[in-house]
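In my numbering, the protein residues as written are -9 to 412. Reviewing the structure listed below.
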Amino acid sequence: MDAFSIEGPVRISGETAAAGSKNSSLPILAGCLLTDDECIIENVPDLRDIRTMLRLLEMLGRTVERRGGDVVVHAGRVTSTEAPYELVSTMRASISVLGPLLAKEGEARVSFPGGCAIGARPIDLHLKGLAALGAEIEITHGYVHARSPRLKGTTMYLAGSAGSSVLATDNVMMAAALADGVTVIQSAAIEPEVVDACHFLVAMGAKIEGIGTTTLTITGVPRLHGCRYRVIPDRIEAGTLLAAAACTGGDVFVRGADSSHLGIVLDVFGRAGMTVTSSPEGIRLQAAGNVRPVDFETLPYPGYPTDMQAQMMAVLAHAQGTSVITEKIYPERFIHVAELNRMGADIKLEEHTAIVRGVSRLEGAPVMASDLRAGAALVVAALAAEGTSLVRRIYHVDRGYERLEDKLTALGARITRVRDQQ
Ligand code: EPU
């Protein structure tokens, strides 16, 4: 397995460019199954989860091709409606093929995703929404089997105890785009990636009203056509690069980052004492001498994103004072706490809240990534820590960041990819 060897402390400064959004690209690529026509998706980042999704589309019988930053899903028919365990177990977003296959082919068999390092992550809302559209759903031998010769529009409420769901909204909306009649999704997710998926569907000929609001009204059409569509920049990658600058007393400009998707994250950086300047070209963060403590809680958009919780914790680990971070989306998403403490941080967990007492310095240490964003947080902390850190199991980081070590090296990091026994 690969690891990152990181020498700190460094100052992250200079200009870099935002990649295309992973979490937009994944459901949009699955959405290409709604048509037999060619779709060209632009600005798709080249990273492990995307390669997994492309492999899944190929297993379902479609031909895909990468042309630079674009992915071409060639015209053709699906030859299988099964998403096997081997793929779904490595990437939960594989569940996004369920709605498109069901709506277009009348059937889908998708391995039931298990738990993962950030929590239980149920799929009840996906199934509730598709059942409301008239699908017959069976769960047998570890697979979800959904069938319906023709889906029928209806009105449904689609949130659970943690609020709305991004991929459940995508799945149901994609299925509803080809259903008979009108579907109203109440309490739809409004994350920028869901809005992006809506715009992609409209480019395919779908009829959707209320885009960007919690009530989506989808009038089904008999067929969708191919399109060319460009995905939005990755707000979490941009936020992570800004966190690297904030943690190291640096100054970075992320070209192409969209500040309208990062409102509350930029606000938290500001409250922590950073100077943030946004323009249509991108976002610049200039770190202050000292990091100030900030309290925040993660919530569905436009609340603070859970995917930026760990990286901001790394920044606040050496604030002058105590920060309180509450995780409301994935209450167990705190495995990075013990690893940050190995680097000299002083963080205590009280149920779903982390009490982060700022320390004057972090120290390099061997640590282990447990999920994608936890891994990113350890990299951010290691850049600021004194001495050498070995961040292990960076295959998690590779799932969601395109050439992270190259981008950081260009900004002044001393980071190398090494082979590791673990
Ligand atoms: N939930 C349910 N039932 C469901 C689905 C979700 O109770 O059927 C709950 C979840 O347990 C969680 C909350 O609803 O408490 C929100 O989960 P959501 O469904 O929105 O998550 P997701 O759609 O599976 C996407 C991102 C995640 C990101 C979450 C929250 C993709 C591919 N994944 O997951 O990204 O954390 O939204 O914003 O879009 C990451 O990139 O590191 C990552 C984990």
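Beta carbons: idealized from backbone N, C-alpha and C, even for Gly.
Give me the residue from Ala65, Gly229 and Thr130 with the minimum Cα distance to Tyr294.
Among Ala65, Gly229 and Thr130, the Cα nearest to that of Tyr294 belongs to Gly229.
Is it buried or exposed for His131, if we count other Cβ within 10 angstroms and need 16 for buried?
It is exposed - the Cβ of His131 has fewer than 16 other Cβ atoms within 10 Å.
Between the alpha carbons of Phe456 and Val134, how many angstroms are there, rounded?
No statement about residue 456 is possible, as the shown extent of the chain runs from -9 to 412 and does not include it.
Can you find the residues in the same chain that come closer than 6 angstroms, C-beta to C-beta, to Gly216, ignoring five residues on each side of it along the sequence?
Result list for Gly216: Thr25, Asp27, Glu28 and Cys29, in chain order.
Which residues in the same chain as Gly51 place their Cβ atom closer than 8 angstroms to its Cβ, once the five residues preceding and following it in sequence are excluded?
Excluding residues within five positions, the ones whose Cβ falls inside 8 angstroms are Gly66, Arg67, Val68, Thr69 and Ser70.
Ser3 and Gly402 look like a contact to me (Cβ under 8 angstroms); what is the Cβ gap, rounded to whole Å?
That belief holds up - the Cβ atoms of Ser3 and Gly402 are roughly 6 angstroms apart, short of 8 angstroms.
Kindly examine the ligand EPU and report whether one of its heavy atoms sits closer than 7 angstroms to the Cβ of Ser249.
Checking the Cβ of Ser249 against the ligand EPU gives no.
Are Gly279 and Arg1 touching if we call contact CB-CB under 8 angstroms?
Not in contact: Gly279 and Arg1 (Cβ atoms no closer than 8 angstroms).
Just to check my reading of the structure: Arg323 and Thr296 have Cβ atoms closer than 8 angstroms, yes? What is that Cβ distance to the nearest angstrom?
Yes, they are in contact, since the Cβ atoms of Arg323 and Thr296 sit about 6 angstroms apart, within 8 angstroms.
Alpha carbon to alpha carbon, how far is Arg409 from Gly200?
Each residue's alpha carbon lies about 49 angstroms from the other.
Below 7 angstroms, is the gap between the Cβ of Tyr294 and the nearest heavy atom of the ligand EPU?
Flag unset: Cβ of Tyr294 not near the ligand EPU.
In the DSSP assignment, what residue or residues form a beta bridge with Ile198?
Answer is Ile208.
Is the beta carbon of His189 sitting closer than 8 angstroms to the one on Arg225?
Their beta carbons are not under 8 angstroms apart, which means His189 does not touch Arg225 by this criterion.
Does the separation of the CB atoms of Ile345 and Val314 fall below 8 angstroms?
For Ile345 and Val314, yes; Cβs fall inside 8 angstroms.
Classify Glu181 as helix, strand or coil using the three-state DSSP reduction.
Glu181: coil per DSSP, three-state reduction.
Which whole-angstrom value describes the C-beta separation of Gly365 and His308, a residue pair presumed to lie in contact below a C-beta threshold of 8 angstroms?
Actually they do not touch by this definition, with Cβ atoms about 19 angstroms apart.
Is there contact between the stretch 143 to 150 and the stretch 166 to 180, where contact requires at least three CB pairs shorter than 8 angstroms?
Because the criterion of three Cβ pairs below 8 angstroms is met, the stretch 143 to 150 and the stretch 166 to 180 touch.
Which whole-angstrom value describes the C-beta separation of Ala167 and Leu214, a residue pair presumed to lie in contact below a C-beta threshold of 8 angstroms?
Correct: roughly 6 angstroms between the Cβ atoms.
Please determine whether the Cβ atom of Asp114 lies at a distance below 7 angstroms from any heavy atom of the ligand EPU.
Asp114 Cβ: within cutoff of the ligand EPU.
Taking the C-alpha atoms as reference points, what is the distance between Leu380 and Ala193?
Leu380 and Ala193: Cα-Cα distance of roughly 45 angstroms.
Does the stretch 108 to 119 touch the stretch 73 to 80, meaning 3 or more C-beta pairs lie closer than 8 angstroms?
The stretch 73 to 80 vs the stretch 108 to 119: no contact.
Leaving aside the five residues before and after Ser268 along the sequence, list all residues of the same chain whose C-beta is less than 6 angstroms from its C-beta, in chain order.
The answer, listed in chain order, is Ser249.
Flag this pair as yes or no: are the beta carbons of Arg332 and Phe(-6) separated by less than 8 angstroms?
It is not a contact, given that the beta carbons lie outside the stated cut-off.
For Lys338, count neighbouring C-beta atoms within 10 Å of its own C-beta (all shown protein chains included) and say buried if the count is 16 or more, exposed if not.
By the 10 Å Cβ count, Lys338 comes out exposed.
Given a cut-off of 8 angstroms, decide if Leu206 and Leu275 are closer than it, judged by their beta-carbon atoms.
No. Outside cutoff.
Could you check whether the Cβ of Tyr147 sits closer than 7 angstroms to any heavy atom belonging to the ligand EPU?
No, the beta carbon of Tyr147 sits no closer than 7 angstroms to any heavy atom of the ligand EPU.
To which residues of the same chain is Asp361 closer than 6 angstroms at the C-beta, ignoring the five residues directly before and after it?
Ala107, Ile108 and His386, listed in sequence order.
When you compare each of Ser14, Pro182, Gly260 and Asp170 to Ala196 by their alpha carbons, which one comes out closest?
Selected option, being the one with the closest Cα: Asp170.
Which class does Val349 belong to by DSSP, given the choice of helix, strand or coil?
Residue state, collapsed to three classes: coil.
Report all residues from its chain with a CB closer than 7 angstroms to the CB of Glu392; omit the five preceding and five following residues, and keep chain order.
Same-chain partners within the cutoff: Ala9, Pro35, Asp36 and Leu37.
Given this structure, state the Cα-to-Cα distance separating Glu395 from Ala359, to the nearest angstrom.
Straight-line Cα distance between these residues: approximately 15 angstroms.
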